[in-house]
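FYI, in our numbering the residues of the sequence shown are 9 to 210. Note that beta-carbon positions come from the ideal geometry of N, C-alpha and C, so glycine has one too.
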Amino acid sequence: MLTVAVLISGAGSNLRALLDAADDPDYPARIVAVGADREADGLAHAEAYGIPTFMVPYAGFDSREAWGTELDEQLRVWRPDLVVLSGLMRLLPPAVVEAWAPRIVNTHPAYLPEFPGAHGVRDALAAGATQTGASVILVDDGVDSGPILAQERVPVLPGDDEHHLHERIKPVERRLLIDVVRRVATGDLDLVAASASASRTL
Ligand code: GRF
9 MLTVAVLISG AGSNLRALLD AADDPDYPAR IVAVGADREA DGLAHAEAYG IPTFMVPYAG
69 FDSREAWGTE LDEQLRVWRP DLVVLSGLMR LLPPAVVEAW APRIVNTHPA YLPEFPGAHG
129 VRDALAAGAT QTGASVILVD DGVDSGPILA QERVPVLPGD DEHHLHERIK PVERRLLIDV
189 VRRVATGDLD LVAASASASR TL
């Protein structure tokens with residue numbers, strides 16, 4: 009059974025979908041802890057499932073590195089096989105990526121490498137894109153630059169604003185994330201190989 013820790017910053021609707029999937033006894037992964045970098049509303053989803061939560065408030069530290077050190081210590085308590093960033097609106101410091109890669113995946117509401125960064129949905133709209141997408145990637149030291157594990161196109165419709173487009177993307181993100189975690193758990197997706205193949209192509 010693959011153990012998973014999830015890190016969030018916001019509403020955690022993608023986390024909720026993963027919690028619901030993992031609640032199925034046939035799903036080969038279970039979430040052992042949910043952490044946040046602030047008082048994220050999404051922590052309530054973990055609490056509803058009786059899953060331990062932790063909060064490492066970014067605002068409480070003098071530097072990203074100091075915050076990362078505490079976050080790393082919290083993660084080590086739970087010793088997860090996989091760390092999932094699901095709406096964590098914070099770049100992990102290199103030391104944390106080094107400690108956990110390639111066992112860290114992230115979801116992003118765009119068809120990477122298109123529109124990386126904190127405003128992927130807004131940027132797609134601003135660019136006048138007629139389609140965007142959702143991606144699940146391995147986390148590396150860059151900004152949404154890791155090897156792509158799964159992605160799918162999502163149409164941009166006339167009249168879309170950021171909220172409506174994001175709400176159309178999220179269900180796709182959730183489905184891709186649930187499937188990637190399942191494939192890691194069953195060994196169908198080898199993150200070490202995925203990471204190595206990416207470094208070879210660089
Ligand atoms: C998701 O689209 C995620 O990819 C992005 O922010 C959104 C988080 O949504 N980084 P939620 O907190 O899971 O509802």
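Worksheet item: Where does the unbroken beta strand (DSSP E) through Leu157 begin, and where does it stop?
Response: 156 to 163
Discussion item. Does the beta-carbon of Ser153, which I'm using as the reference point, lie nearer than 8 Å to any heavy atom of the ligand GRF?
Written reply: no
Worksheet entry | Any non-hydrogen atom of the ligand GRF closer than 8 Å to Leu157 Cβ | no
Item to complete: Give the single residue among Asp149, Ala118, Gly58 whose Cα lies nearest to the Cα of Pro101.
Response: Asp149
Discussion item. Could you check whether the Cβ of His172 sits closer than 8 Å to any heavy atom belonging to the ligand GRF?
Written reply: no
Worksheet item: Quick one, which of Asp31, Val147, Thr115, Pro166 has its alpha-carbon nearest Gly141's?
Response: Thr115
Worksheet item: So does Ser17 have its beta carbon nearer than 8 Å to some heavy atom of the ligand GRF?
Response: yes
Fill in: Opening and closing residue of the alpha helix (DSSP H) in which Leu185 lies
170 to 194
Worksheet entry | Supposed contact pair Val113 and Leu79 - C-beta distance, whole angstroms, cut 8 Å | Not a contact, Cβ separation roughly 16 Å.
Worksheet item: Cβ atoms of Leu83 and Pro110: under 9 Å apart, would you say?
Response: no
Worksheet item: Between Ser17 and Ala44, is the Cβ-Cβ spacing less than 9 Å?
Response: yes
Worksheet item: Three or more C-beta pairs closer than 8 Å, one from the region 127 to 141 and one from the region 30 to 47: is that the case here?
Response: no
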